[in-house]
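Take the sequence shown: its position 7, counted from the start at 1, is 6 in numbering that gives the first Met the number 0, and no numbers get skipped.
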Amino acid sequence: MTKAGFAQNKELAIWTAASSSFELSDRINVDGALAFRSNAGLGAISRYFGEARMGYKLSRSFNGSAGIRYGTLLDRSGGLQGDFTFYRFFGDLKHKASWRQLRFKQRLRFQQDTEKKQGTRIENHLRYKTAVEFKIPNWKADPQLSVEFFKPLGSNSISGFDRMRYKIQTDLTVVGNALTLAYFIDRDTPLNTAAINSHMLGLFYDLDF
């Protein structure tokens with residue numbers, strides 16, 4: 000499939016979230032999160048949602064989890080405007096490994112998204128994320144680089160990926176908990192249109208119990 004050679008660029012947006020994690024046993028944990036995303040231009044919130052997930056430690060290197068996300072989209076630009084409900088079911092399989100100062104992380108996710116605007120729209124995706132973290136001696140802000148591929152599923156889907164997500168982040172310890180600072184680039188490739196690059200800053204705080 001041929002696409003235009005130049006991508007459109009959206010203005011910078013912000014994604015903020017607070018989460019908590021609880022260990023129920025040596026193998027089972029649950030976590031929840033509340034998140035907000037601004038629209039392009041940082042003018043106002045474009046979506047907010049809550050998420051709950053349960054994870055199970057399969058081995059030293061592998062763990063699986065399943066969860067649900069539920070929230071509201073605030074569409075204020077063109078076309079059909081209003082506040083719309085969306086929810087997501089997802090299942091993850093994660094793997095981690097290390098070699099010297101490098102930490103490797105992989106994640107395979109299946110997700111089903113449902114949006115309710117005029118009628119109901121359901122989309123299924125398979126996502127694969129790979130990341131590497133550099134552990135720098137005597138340095139607290141270790142950098143982590145990742146890339147994620149989004150493969151749409153279904154007979155009417157494009158062949159290949161409809162989104163790639165590039166991210167650089169660092170995790171800091173604040174009062175015994177994790178504060179993550181991140182920069183994202185989402186490159187969307189909708190069917191029969193030019194690619195769209197979306198830029199986001201991320202600020203995430205996680206409380207462990």
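Note that CB positions come from ideal geometry on N, CA and C, so glycine has one too.
In this structure, what does DSSP give as the bridge partners for residue i?
| i | result |
| --- | --- |
| residue 135 | Paired residues: none, contrary to the question. |
| residue 109 | 90 and 125 |
| residue 207 | 20 |
| residue 82 | 73 |
| residue 57 | For residue 57, which the question treats as bridged, DSSP gives no partner whatsoever. |
Within a Cβ cutoff of 6 Å, which residues of the same chain sit near residue i, ignoring the five residues on either side of it in sequence?
| i | result |
| --- | --- |
| residue 160 | 148, 149 and 150 |
| residue 15 | 35 and 202 |
| residue 56 | 26 and 62 |
| residue 206 | 19 and 176 |
| residue 188 | 161 and 194 |
| residue 17 | 33 and 204 |
| residue 68 | 48, 50 and 87 |
Please check the pair residue i and residue j, which I expect to be a contact at CB under 8 Å, by giving their CB distance rounded to whole angstroms.
| i | j | result |
| --- | --- | --- |
| residue 53 | residue 66 | 7 Å |
| residue 172 | residue 180 | Between residue 180 and residue 172 the Cβ distance is about 12 Å, and since that is not below 8 Å, they are no contact. |
| residue 114 | residue 85 | 5 Å |
| residue 89 | residue 110 | 4 Å |
| residue 11 | residue 144 | Not quite, the Cβ-Cβ distance comes to about 20 Å (not below 8 Å), so this is no contact. |
| residue 107 | residue 127 | 6 Å |
| residue 8 | residue 137 | That pair is no contact at about 38 Å. |
So, for residue i: in the same chain, excluding its five sequence neighbours on each side, which residues have a beta-carbon less than 7 Å away from its beta-carbon?
| i | result |
| --- | --- |
| residue 46 | 36, 70, 71, 72 and 73 |
Going by beta carbon distance, what residues of the same chain come within less than 8 Å of residue i, once the five residues before and after it are set aside?
| i | result |
| --- | --- |
| residue 134 | 100, 101, 102 and 141 |
| residue 21 | 28, 29, 30 and 208 |
Inset, instruction - For the region 12 to 47, list the alpha helix (DSSP H) runs that are entirely contained and at least 4 residues long, ordered along the chain. - result: The DSSP assignment places no complete alpha helix (DSSP H) segment of no fewer than 4 residues inside the region 12 to 47.
Legend entry - alpha helix (DSSP H) segments (min. 4 residues) lying fully within the region 149 to 195: Restricted to the region 149 to 195, not a single alpha helix (DSSP H) segment is unbroken, complete and at least 4 residues in length.
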